[in-house]
Structures are given as C-alpha cells and as structure tokens.
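A short write-up of the structure that comes next.
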Amino acid sequence: MTGAPSRDDETSRPANGSARPPAADRDLKPFAEPGPEHWHLRESYTFDRNVIAEIRRAANTGIYRIRGWGAKRRLPTLDDLVFLGASMSRYPLEGYREACGTDVVIGEDRAERPVHLQVPVTIAGMSFGSLSAEAKEALGRGASAAGTSTTTGDGGMTMEEREHSGLLVYQYLPSRYGMNPDHLRMADAIEVVVGQGAKPGGGGMLLGQKITERVAEMRTLPTGIDQRSACRHPDWTGPDDLEIKIGELREITDWQVPIYVKVGAARPYYDTALAVKAGADAVVVDGMQGGTAATQDVFIEHVGIPTIAAIPEAVRALRELGVHRREVKLIAAGGFRSGADIAKALALGADAASIGTAALIAIGDNDPAYEAEYRELGTSAGFWEDFQAGTDPAGITTQDPDLSARLDPVLAGRRLANYLQVLTIETQILSRANGKSHVLNLEPEDLAALTVEAAAMAKVPLAGTSWIPGAD
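This is how it looks when you write it as structure tokens:
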C-alpha cells in the first residue's frame, strides 16, 4: 500500500472494529483512477464511489457502521468568518505593551468555589474506558499547566485524573456509569450531560475489547461485553425535573461548585433557555463537528447542526433572559482547532471553548511515528478513526496495557500545555488586532462572513455588505 488510503478503504472496513474485513467483504477493492480510455465516464454525484462502497459493505455484512472521530462531510465552519481588524474607526492594541486578558470565571453568583479559568479553552469530557489511564493523566497535566479545566466523561473519575487535574469537571451522565457521590464532592464543577454534538439524542458505545477488569469494575459491567450508554437520564424527563436534579447536586456538594448543563446542538435556543431556567451556571453547546469515541456513522454525519449555527442561537436565549456574560456562561464545543476558531466563537458570544479531538491530536493521536502500524490496520496516520477498536498504536484510545504504555503522560501533558498556550496567544493576537483589552470583549461587529450560508448562521454581515440573510 502506498500513500494515504482512499475514502473507499475507510468505508469498506467492518463496523466491529476488526483489523480485516470479514470474508464476505473482502471483494471490496479501491477504485483505480480512470485512464485516458475511461475519460468519457462520469461519476454520479449522488452515487459516487464512496456511497457505492458503503452500500456494498452494508449489503455484505448487514452491520451498521460504527466509528470514532466526528463529521467528515463539508460543513459551514468558523473558517467562513473573518475578523475586520482595527484601522481608522478602531485602534489596535500593541502586543508587547498593552495587556489582553484571557481569564473566565464560572459560577460566581451561586457557587462558594467558582471555577477560575486562566485561559478561555477547556478540555472536553472523554471517558476512561474510551481513553487509556495514561491519556486521562496527560490531559489533566496539560490542562493544569495551562490553568484550565479538564473533564471526566462517562464511566467516572480515576485517581490519576483527579491527582493531576488542578480543575476537574465531573460529568453526570444518563448512564450513571461510575457515578460516585464522594467523587462528586471531589470535583471542581459538575456537568450534567443531556447530549453530545456527535450524537444528539443518542448514547455512546464502548465495545467489549475495551472493557477490562478495571473499566468493568468502575462501571459495574461484565468484562468483554459491548456496552451502550443510555440516551436519556433515568430519573427526569424535562426542565422541571432537571431543576430538581440540579438542586440535589447542589445539596450533595454543599453549594460549593458550579453546575454546567451540556447539550448537543439541535435546538440550542430552547435548550439553552431551559437549562438557564433549571438553574445552570454554564451551558455547554456542542456542535455537530464534535467528535466521539464510538457511535453510528449515520449519527455523526446526519444529526445536529454546525457549531457556527449553534453559538448565536444559544447567545440569543441568554441575552433574552438577561444573563449573557453575567450569571450564566456559555461554553462552545465542536471542532475547534486554532486560536482563530476560539476568537471567533468568543466574538459570536461564547465565554469559552472546549476541545476534545484537537487535544487528543496534541498528545499524540494519529502520530506519524506509528505509520507502519496504522498501515497494518488498513489506514494511515491522520486517517485512523477506529477509536472503538482498542488497537490505537499511539496508546490513547485503548485499554491494551502494551499499547497504552507507549504514551508518556508527562511528555504528552507538556505537548497539550504548549498547544493550549498557542491557542491562547493566537486568541489574544486577534483580540488586540480588534482593539480589545480582553478576549471576552470581542463581539459580532468584529466579524464578516465569506458565504451567504455563514452569514445566515452566524448572524453577521456578508463581507462588503450590511446584509445579514434572514435578519428582520
């Protein structure tokens, strides 16, 4: 095999995460590039070679496709926005002479111990089980060095994670796997998870090969058996019940820590408003570019709305309720990669951004150093998406002790801290260029859109005009 694999290689792999497809599926061959004798052929846009390969895979196996990562289809993103910058009408700030603040405080109105973030970027919830203990430790080390928080994920809190996380957010999920009231009290904030950007309305998966004795004990599950997390909480069905649940969590923690509510971006205006009504100190809105360790491919690609569309709708709800940038903070998630992404999210009205996939890449996910092993798995570094398989050569999304031992948590944590530092500096650079002395002073008026779609979703003018499509 030479070069990166085609999309055909990816779509023809079986859903069970095995390295080789079953015998019935081995007839699926990559399509060769047509030579001059085939130049008259025209590929269907509707039934292109990738669609055909997936239909054949489904027909051969009868198994729906499971994978990790996030949406791979082309979506409107924050790349479709640009900053206007300061010139005559606004003055920029000097980078080496004038300060630009980056701190964010969450829960100061209700919690005895508010969360003080030094940078406007947090680490999203990723479970021990989907990730190795070494990876969870690395995330805690990196976040702590940068002065921000990390988050537990489904399956509970590990002591490695608690020990190395200066600020740890405890996720309270529908599955209740690993839920421990004592661990709730050990956390610096609690995040009630209603939904996730990669799968709003659905639960996660953890295949049996990753359910080791330790993972099984934490989740009260049998070892080696596939596990599907619940898609809704067992003891409440709506915002009134959630308000009661948040009250219970505040009592359990003696009103010490902030309570977040996380929703997958589907109806962000209403979901944000209801979360505020229920008493949340922060709302986390996760767009469909958000990643996952494992779920159905049809979920990842066809459920939810893009992050660029979700943020303004959540902000609209907060503003109408009079709590924006005040009592209730907004954390945006889903596909953030650079300081430019962070700065644009803040300009649209978010108070912070949360990263997951990018954090894994920073600590070593899809590392080209393991290219030979990725090729043995039928893929290539930068393309590998089978987080559910437990065969990660980089030792991050695995429970195999030989593989996870490859990840040095200290070195990986240092890499994450470096990456968070770059994100923060880039956000400051763009803030100063727009004349802002704090990153949270960025505003929609600092932005223009390059496409009609982005203008309509972000609710900022199309570049060179004053037109916001759909605005009254």
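Residues 10 to 481 in the working numbering are what the sequence shown spells out, letter by letter.
Ideal Cβ placement from N, Cα and C applies to all residues, glycine included.
Note: T232 is not bridge-paired with any residue in the DSSP secondary-structure output. Listed in chain order, the non-local C-beta contacts of L412 below 7 Å within the same chain comprise D401, P402, G404, local neighbours out to five positions each way being set aside. In the three-state scheme derived from DSSP, where H, G and I count as helix and E and B as strand, A378 is classed as helix. A Cβ-Cβ contact shorter than 8 Å links V270 with V201. Close CB contacts of L451 within its chain, under the 7 Å cut and outside five residues either way in sequence, are with A352, L355, A356, S440, N443, K445 (chain order). For the pair V292 and V113, the Cα-to-Cα distance works out to about 14 Å. Within the segment 198-274, complete alpha helix (DSSP H) segments of at least 4 residues are found at 222-228, 248-261, given in chain order. When DSSP states are grouped into helix, strand and coil, S363 belongs to the strand group. Counting only the Cα atoms, A67 lies some 12 Å from I75. Judged by DSSP secondary structure, T436 falls within the alpha helix (DSSP H) whose first and last residues are 418-442.
Nearest C-alpha to G313 among Q305, E380, A274, G299: A274. DSSP, read as helix, strand or coil, puts F396 in helix. Residue pairing by DSSP places I115 opposite V124 in a beta bridge. An exposed status is given to W476, since fewer than 16 other beta-carbon atoms sit within 10 Å of its beta-carbon. Here S141 is buried: its Cβ has 16 or more other Cβ atoms, across all protein chains shown, within 10 Å.
For K286, no beta strand (DSSP E) segment is defined; the enclosing uninterrupted segment is the alpha helix (DSSP H) at 277-287. Around the Cβ of G233, a 10 Å sphere holds fewer than 16 other Cβ atoms; the residue is exposed.
Shortest Cα-Cα distance from T229 to any of K219, I199, Y186 involves Y186. In the DSSP annotation of this structure, the continuous segment of the alpha helix (DSSP H) that includes V60 starts and ends at 58-70. Cβ-Cβ separation between A457 and P470: approximately 6 Å, consistent with a contact (criterion under 8 Å).
In this model, H173 and K145 are separated by some 9 Å (Cα to Cα). By the 16-neighbour rule on beta-carbons within 10 angstroms, A108 is exposed. Taking all protein chains in view, the Cβ of H333 is crowded by 16 or more other Cβ atoms within 10 Å, so the residue is classified as buried. Under the three-state reduction of DSSP output, K338 falls in the strand class. Beta bridge pairing from DSSP links T160 with G134, V178. Less than 8 Å separates the beta-carbon of L84 from that of Q298. Partner residues in a beta bridge of W476, as assigned by DSSP, do not exist. For V285, same chain residues with a beta-carbon under 8 Å away, outside a window of 5 residues either side, are V292, A326, L327, L330, V332, V337 in chain order.
Excluding its 5 nearest sequence neighbours in each direction, R99 has C-beta neighbours in its own chain below 8 Å: N443, G444, listed in chain order. In the structure shown, A318 falls within a helical segment according to DSSP collapsed to helix, strand and coil.
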